[in-house]
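One structure is given below, encoded as structure tokens.
Chains as they are written, first to last, in the numbering used here: chain S, 221 to 394; chain P, 6 to 319.
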């Protein structure tokens, strides 16, 4: 991971966060809302691993909470964990699998929603399970719809890992 | 045999030879300890921010920093919103085209009724003003004469089922104050719950924690406006013996007792009664209200800033 890569990842997440709060958050379709930021974070984490995933999640969450004057730290907390978890999946079993972005987006959409619900509940804020469940399936579908273009774009922007970056040697034993 | 792209120096491999975990992925520093430490640090930092923000949601150094951060991000949000607006307008145009004809007919009829009613109201208002002056009647800020509107565009929208709040492009520098009422051209939207130098957060009247003292303009029945199913509101706490009929207009009730001043002045239009339900086991009527303001697609709002000091305690 070079500094240029980190800057690109930060810029991608910045644009996604701004677009999410200003444009995508208003696109209510069948009670669901597409989450561009979450899909972008999943893409970045899958391509760049745990540390970038966690740091990117924290940064993106902080941006959202700041831009909306919301509860500072709430989105950061959930996105940090989501970014780390997806990064770990990308480093291990999800590596080079075609279905990895789709599976990650579907699972993270569910976990993110439940995560926010849990944090809201712990904070004593209103946490309605009904509307959440009502919008969950449409949100998953909408996120899956935008996964292919977003993942493709992020993959183009963030340099694809070269063979040299991957494991190329085996150690001699004895 | 080694794959051709690998620079294998393999001579002899034990059958149990495995690549170590850290070698699997492109990083020289990504040992599991470092990874976990970074995660733990970020989680702790998030929790610290959450705790501080929760303890002082509308004040303190962190709130000020957040306010300045929000102001810095505002140009980007405004730009994104402007880019998206033509597409949103096109979508709204197409989606409302289907029922435009029937709506037009309905609106024409409504205009006829409102015009007749406006004349009656005007006469009543004049009489009311003269009676007030005769009585030397003192009251808190009255809408609209004692309020100044700060117009602002909406730069972020509610992001999910938990979030009945939006961010607007005006803050303390424009005179926006905490708890100020917010309206659209159609009706009441909510009130300001957080304010920074150039942005403010507005909690909508559909928020579960929001309640607005309201009155039926026709029957003078009072109640509390709370969130309802979907995009509707509920006029709560209306006694069963009260008379409320479909189509009645609901407005804010305003301050009734000087000791407990209301956030909203009297007369802000909220919505229209959609249905009235009555059941034997319920203590109150179930009055469903359709909000006048289209809370799902707000482009611009007006924050009402009082130009007259609120009524003080005796």
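C-beta atoms are modelled at their ideal positions from N, C-alpha and C, and glycine is treated no differently. Because the structure is a prediction, the values reported are computed rather than measured.
In or out: residue i buried (at least 16 other Cβ within 10 Å) or exposed?
i              : result
residue 306(P) : buried
residue 132(P) : exposed
residue 338(S) : exposed
residue 280(S) : buried
residue 285(S) : buried
residue 36(P)  : exposed
residue 408(S) : No information on residue 408(S) is available, as it lies outside the stretch 221 to 394 that chain S covers here.
residue 359(S) : buried
residue 127(P) : exposed
residue 341(S) : exposed
residue 26(P)  : The predicted model places residue 26(P) with a pLDDT of 48, which falls under 50 and marks its position as unreliable; any figure quoted below should be read in that light. That one is exposed.
residue 283(S) : buried
residue 253(P) : buried
residue 215(P) : buried
residue 155(P) : buried
residue 113(P) : exposed
residue 229(S) : buried
residue 22(P)  : Because the pLDDT at residue 22(P) is just 47, under 50, the model does not fix this residue reliably, and the point stays unresolved.
residue 311(S) : buried
residue 17(P)  : Low confidence applies here, because residue 17(P) scores a pLDDT of 45, under 50, leaving its location unreliable; read the following figure in that light. Answer is exposed; the Cβ neighbour count stays below 16.
residue 227(S) : exposed
residue 54(P)  : buried
Under a three-way DSSP split, which group does residue i fall into?
i              : result
residue 28(P)  : At residue 28(P) the pLDDT is 48, less than 50, meaning the model places this residue with poor confidence; the figure from the coordinates comes in the next sentence. Reduced to three states, the DSSP call for residue 28(P) is helix.
residue 267(P) : coil
residue 241(P) : strand
residue 334(S) : helix
residue 196(P) : strand
residue 191(P) : coil
residue 81(P)  : helix
residue 280(P) : strand
residue 354(S) : helix
residue 102(P) : helix
residue 74(P)  : helix
residue 232(P) : strand
residue 184(P) : coil
residue 287(P) : coil
residue 206(P) : strand
residue 218(P) : strand
residue 248(P) : coil
Let me check understanding here. Comparing Cα to Cα, which of the options lies closest to residue i?
i              : options                           : result
residue 329(S) : 262(S), 309(S), 350(S) and 276(S) : 262(S)
residue 345(S) : 135(P), 168(P) and 122(P)         : 168(P)
residue 50(P)  : 267(S), 340(S), 257(S) and 298(S) : 298(S)
residue 222(P) : 157(P), 276(P) and 288(P)         : 276(P)
residue 244(P) : 288(P), 149(P) and 191(P)         : 288(P)
residue 332(S) : 363(S), 272(S) and 316(S)         : 363(S)
residue 200(P) : 129(P), 303(P) and 61(P)          : 61(P)
residue 368(S) : 342(S), 378(S), 319(S) and 336(S) : 319(S)
residue 280(P) : 211(P), 294(P), 269(P) and 154(P) : 294(P)
residue 266(P) : 87(P), 147(P) and 84(P)           : 147(P)
residue 85(P)  : 292(S), 260(S), 236(S) and 223(S) : 236(S)
residue 152(P) : 182(P), 140(P), 238(P) and 135(P) : 182(P)
residue 63(P)  : 205(P), 233(P), 215(P) and 241(P) : 205(P)
residue 259(P) : 99(P), 274(P) and 248(P)          : 274(P)
residue 304(S) : 266(S), 288(S) and 316(S)         : 266(S)
residue 207(P) : 233(P), 158(P), 119(P) and 102(P) : 158(P)
residue 213(P) : 198(P), 122(P) and 231(P)         : 231(P)
residue 288(S) : 87(P), 99(P), 161(P) and 48(P)    : 161(P)
residue 354(S) : 103(P), 189(P) and 235(P)         : 235(P)
residue 73(P)  : 117(P), 58(P), 228(P) and 203(P)  : 203(P)
residue 220(P) : 270(P), 117(P) and 178(P)         : 270(P)
residue 77(P)  : 334(S), 226(S) and 234(S)         : 234(S)
residue 256(P) : 248(P), 285(P), 224(P) and 233(P) : 224(P)
residue 178(P) : 238(P), 310(P), 121(P) and 95(P)  : 310(P)
residue 194(P) : 304(P), 102(P) and 87(P)          : 304(P)
residue 365(S) : 222(S), 255(S) and 240(S)         : 255(S)
Below 8 Å, is the gap between the Cβ of residue i and the nearest heavy atom of the ligand FMN?
i              : result
residue 190(P) : With respect to small molecules bound, the structure shown includes none, and the ligand FMN cannot be examined in it.
Residue ranges of each beta strand (DSSP E) run of no fewer than 3 residues wholly in the stretch 121-169 of chain P, ordered along the chain? 152-161
Taking any Cβ of chain S, which residues in the stretch 39-51 of chain P have a Cβ under 8 Å from it, in chain order? Cβ contacts with chain S come from 39, 40, 43, 44, 47, 48, 50 and 51.
For the stretch 351-373 of chain S, which residues have a beta carbon sitting closer than 8 Å to at least one beta carbon of chain C? No chain C appears in the structure shown, which is made up of the protein chains S and P.
Contact set between the stretch 281-312 of chain P and chain S, restricted to residues whose Cβ is under 8 Å from the partner: 301 and 302
Counting only runs that start and end within the stretch 229-305 of chain S, where is the alpha helix (DSSP H) found for 4 or more residues in a row? 256-268 and 270-287
Got a sec: which bits of the stretch 233-255 of chain S sit with their beta carbon under 7 Å from any beta carbon on chain P, in order along the chain? Result list: 238, 239, 241, 242, 243, 245, 246, 248 and 253.
Any residues in the stretch 274-286 of chain S with a beta carbon nearer than 9 Å to a beta carbon of chain P? Which ones, in chain order? 274, 275, 277, 278, 281, 282, 283, 284, 285 and 286
Return the residues of the stretch 214-238 of chain P that lie within a Cβ-Cβ distance of less than 7 Å from chain S, sorted by chain order. 214
May I ask you to list, following chain order, the residues of the stretch 60-80 of chain P that have a beta carbon less than 7 Å from some beta carbon of chain S? Within the stretch 60-80 of chain P, the residues whose Cβ lies closer than 7 Å to some Cβ of chain S are 67, 71, 74, 75 and 78, listed in chain order.
By the 7 Å beta-carbon criterion, what residues does the stretch 92-118 of chain P contribute toward chain S? none
Using a beta-carbon distance cut-off of less than 8 Å, what residues from the stretch 288-307 of chain S approach chain P? 288, 289, 290, 291, 292, 293, 294, 296, 297, 300, 301 and 304
If the cut-off is 9 Å on Cβ atoms, which residues from the stretch 239-264 of chain P count as contacting chain S, listed in chain order? none
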